[in-house]
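Residue numbers (the numbering used here): 4 to 314. Here a beta-carbon is modelled for each residue, glycine too, at the ideal position from N, C-alpha and C. This report refers to the structure that appears directly beneath it.
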């Protein structure tokens, strides 16, 4: 939104990508523009579902999908119900103890609250930090975009390579924070933002059947997005299991094999083996000890006494 703090940072990024001539800059510019539309769409989707339309908290949920009223409907209807309930579920969360109690008693599931209950309000310990953060977020970008991005505030701390001319173009085009905000009302990102808001309003308040049509028509894409590109499964299979495999290998080889097996237990076994070997020559007979003593004295004399043939 022009003139708010987030506008000055995000619009500057979009314009910097637009003015760069590096390889892949065209695709990057398309990606950030698409991000404007998608961000506006899902943000206002959540807003419309949470604060407008039919009240959904306290309604029974489908036992498998957690969607209000999804049980017993067709696949498209269940997809619609899930699409329209996801944001509300994300807003209020799941109450594990409440769900566990319902599962034990085979009762209907709810959106984290029981029948007839209302969502609780946040305490002031949560509200005050949000209020204090919201106040500067309204005007701090307007005040700081000039000196911090186009001025000398970071001089000597941040150096831009001469091969990147995007900041030079931005500095030439920048007049003032006010002019930048006014110009944004005629820019493509602002129009895409309005299109995202209007699309969310139409899909989730005017004609909720549109998400159902998309879910049924593009099931593969919907499943991919619903499972977050399967990144959780990838992280579980590669990083989590890989860390367990690596830790198990280090434990078996290093801790169990080298430290415990060789150093700790190995040294104890070596002492035991040497004691067993030495014990074999300890017969207890006096003449055996006398014989060993004589051999020792003879060796001592041979080594230390001078002989004629030794120089």
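Option in the options with minimal Cα separation from residue i
i: residue 205; options: 39, 38, 48; result: 48
i: residue 136; options: 253, 152, 9, 247; result: 9
i: residue 182; options: 281, 145, 134, 51; result: 145
i: residue 194; options: 36, 290, 258; result: 36
i: residue 172; options: 4, 17, 276, 214; result: 17
i: residue 13; options: 148, 271, 299, 283; result: 148
i: residue 164; options: 287, 299, 25; result: 25
i: residue 175; options: 291, 158, 154; result: 154
i: residue 4; options: 190, 220, 229, 308; result: 190
i: residue 120; options: 58, 178, 127; result: 58
For residue j and residue i, believed in contact at Cβ under 8 Å, the rounded distance
i: residue 29; j: residue 208; result: That pair is no contact at about 35 Å.
i: residue 140; j: residue 7; result: 7 Å
i: residue 43; j: residue 199; result: 3 Å
i: residue 167; j: residue 23; result: 7 Å
Pair within 8 Å by beta-carbon distance, residue i and residue j
i: residue 217; j: residue 225; result: yes
i: residue 51; j: residue 203; result: yes
i: residue 180; j: residue 11; result: yes
i: residue 39; j: residue 132; result: no
i: residue 15; j: residue 152; result: yes
i: residue 122; j: residue 60; result: yes
i: residue 150; j: residue 156; result: yes
i: residue 41; j: residue 31; result: no
Short CB-CB distance (under 8 Å) between residue i and chain C
i: residue 293; result: Going by chain labels, chain C is absent from the structure shown, which holds only one protein chain.
Heavy atom of the ligand FAD within 7 Å of residue i beta-carbon
i: residue 181; result: Of ligands this structure carries none, so the ligand FAD is not represented either.
Quick one: which unbroken alpha helix (DSSP H) runs of 4-plus residues sit fully inside the stretch 115–144? Chain order, please. You should have found no qualifying run.
Of all the beta strand (DSSP E) runs that stay within the bounds of the stretch 145–218, which reach a length of 3 or more residues? Complete beta strand (DSSP E) runs here, min 3: none at all.
Return the chain-ordered ranges of every alpha helix (DSSP H) run that is complete within the stretch 214–293 and spans a minimum of 4 residues. Whole alpha helix (DSSP H) segments, 4+ residues: 222–229, 234–237, 244–253, 268–282.
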